[in-house]
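Protein chains in written order, with my numbering: chain Z, -1 to 228; chain B, 653 to 943.
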């Protein structure tokens, strides 16, 4: 069975032949039959969805719950660090974050997004809050140089490598690389947190990335930009 | 769909889905979905369904309840979009952002993996009653309590009636569920709009009565609260029953009249969480909106 998993919507769409079903995050119920209206709704709203294949319902459920928590982590971080938010809102976001960092898979999914874009220059750690959220946010700031280097390497990929020099194709490749964790992995390898040998193994599991025409050539060129290979 | 509209400029009959006359370039006053709903065969068919429903309610001694329901729908029902927090923030954080249509989202967003086992998804996402004009249509639900369909998101956005009434049509149910399940039409053939199951905004009470008055004997609303009667919240989307609104053209945060959030809670975790709700509240204030 394969599935598309979305933390933003808190749902997973399970595809088994021509039969669709769906799961909701945090619920232990069996998958419910998904009618075409649901399928359409999912596909239009699950902007963060990533695919997994040959998965059991339990494995899909684990990924879904983590993705749902992860989307909350991303929101909380961006609110906690934003100087334009009022102090009380930032404090609440830090508390929400403290409550959400206990699931390593959820943290990994959140990092896929958080490590894909440089934080605005005026973002800062809230000075009044200590706890897991502070440690998590400090690490995020420490990783900023690796994020910048990885983005820069992407921008140096020769445009002729993208199909028809198509800007949509380029954006889609990058969005997929972020959703499936390639960019996070590259940032962590660049910073020395992850071993370089992980890349080949992990890319092989990225189903949506592999579905993109010419993905291997693009990935190799991108990786080489930060001194990695496939 | 063989409905035609007469152009007020050159008097030629033009396919109803056109936005402007291909002969003289004159723009039609109403968008295609509204002109379809107002076309004589569809209006007549709806009126016939409505008349039958009223007659049945009278025969069942439920006419006063039918009239109360009809009056509430006519005077109090609103268009409500149900969204996730992230989608709503996208709109609220920049007043120039336009809420994307279903087809724009599909094109811009998800990368459906290629390969035979995923292709079945594509057929479903390409279906549309509005064919080449499908990118203009946004969907919402008709609601009596400013809460939309729970399965579509935790944030319920009531739209300003004055900004949507002239470009909105109503449909019996979710159009895909209705055409494929209720009418048992193949997805690829589901492009002919059924007569009697569509109305313009001003006649939405006729459609509501035609659809729901026959159910008054089966599940009469309690205490005059018809909100759960108009939207039957299902455990899954397959069980949701509601009147679907087709809204032609763009909408931004300035199209919003009010927002309600019903967070989903799992254990100690909640979405939207407290920080998100507090932040949203502040963001909405900039537009004079309360949460």
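We treat Cβ as the ideally placed atom computed from N, Cα and C, and that holds for glycine.
Interface flag, residue i vs chain Z, CB-CB below 7 Å
i                      : result
residue 729 of chain B : no
residue 809 of chain B : no
residue 842 of chain B : Summary for residue 842 of chain B: the model assigns pLDDT 49, below 50, so the residue's position carries little reliability; its value from the coordinates is reported in the next sentence. Closer than 7 Å: no.
residue 822 of chain B : no
residue 911 of chain B : no
residue 795 of chain B : no
residue 736 of chain B : yes
residue 746 of chain B : no
Beta-bridge pairing of residue i - partner residues as DSSP gives them
i                      : result
residue 810 of chain B : B/732 and B/910
residue 789 of chain B : B/900
residue 30 of chain Z  : Z/20
residue 0 of chain Z   : Z/13
residue 823 of chain B : B/850 and B/896
residue 930 of chain B : DSSP output for residue 930 of chain B lists no bridge partner at all.
residue 679 of chain B : B/672
residue 918 of chain B : B/921
Residue i, enclosing alpha helix (DSSP H) - first and last residue
i                      : result
residue 45 of chain Z  : Note, residue 45 of chain Z: premise wrong, no alpha helix (DSSP H); not H, not E.
residue 204 of chain Z : Here residue 204 of chain Z belongs to no alpha helix (DSSP H), and DSSP marks it neither H nor E.
residue 152 of chain Z : 142 to 153
residue 84 of chain Z  : Element bounds for residue 84 of chain Z: n/a, residue is neither H nor E.
Whole-number beta carbon distance between residue j and residue i, since they are thought to touch under 8 Å
i                       : j                      : result
residue 684 of chain B  : residue 785 of chain B : 6 Å
residue 44 of chain Z   : residue 6 of chain Z   : 7 Å
residue 1017 of chain B : residue 67 of chain Z  : Since the displayed chain B opens at 653 and closes at 943, residue 1017 of chain B lies outside it and no answer follows.
residue 219 of chain Z  : residue 48 of chain Z  : With a Cβ gap of about 23 Å, residue 219 of chain Z and residue 48 of chain Z do not count as contacting.
residue 807 of chain B  : residue 736 of chain B : 7 Å
residue 820 of chain B  : residue 731 of chain B : 6 Å
residue 77 of chain Z   : residue 927 of chain B : 5 Å
residue 12 of chain Z   : residue 1 of chain Z   : 5 Å
residue 185 of chain Z  : residue 113 of chain Z : 5 Å
Residue i at chain B interface by Cβ criterion, 7 Å
i                      : result
residue 101 of chain Z : no
residue 6 of chain Z   : yes
residue 24 of chain Z  : yes
residue 21 of chain Z  : no
residue 70 of chain Z  : yes
residue 91 of chain Z  : yes
residue 230 of chain Z : Limits of chain Z in this structure are -1 at one end and 228 at the other, which puts residue 230 of chain Z out of reach.
residue 77 of chain Z  : yes
Closest residue to residue i among the options (Cα-Cα distance)
i                      : options                       : result
residue 175 of chain Z : Z/221, Z/193 and Z/139        : Z/221
residue 149 of chain Z : Z/217, Z/48, Z/228 and Z/65   : Z/217
residue 856 of chain B : B/815, B/908 and B/793        : B/793
residue 130 of chain Z : Z/99, Z/139, Z/113 and Z/138  : Z/99
residue 15 of chain Z  : Z/97, Z/191 and Z/-1          : Z/-1
residue 18 of chain Z  : B/805, B/897, B/888 and B/901 : B/888
residue 291 of chain Z : Z/61, Z/152 and Z/53          : An answer regarding residue 291 of chain Z cannot be provided, because it is not within the stretch -1 to 228 covered by chain Z.
residue 804 of chain B : B/862, B/893 and B/816        : B/893
residue 797 of chain B : B/911, B/901, B/864 and B/672 : B/911
residue 187 of chain Z : Z/37, Z/156 and Z/141         : Z/141
residue 92 of chain Z  : Z/103, Z/104 and Z/75         : Z/75
Residue range of the unbroken beta strand (DSSP E) whose run includes residue i
i                      : result
residue 667 of chain B : 665 to 667
residue 189 of chain Z : Where residue 189 of chain Z is concerned, there is no enclosing beta strand (DSSP E), although the alpha helix (DSSP H) it sits in stretches over 180 to 189.
residue 10 of chain Z  : 9 to 14
residue 658 of chain B : 656 to 658
residue 856 of chain B : Looking at the DSSP string, residue 856 of chain B is not in any beta strand (DSSP E); the run it does join, the alpha helix (DSSP H), is 856 to 864.
residue 738 of chain B : Looking at the DSSP string, residue 738 of chain B is not in any beta strand (DSSP E); the run it does join, the alpha helix (DSSP H), is 737 to 744.
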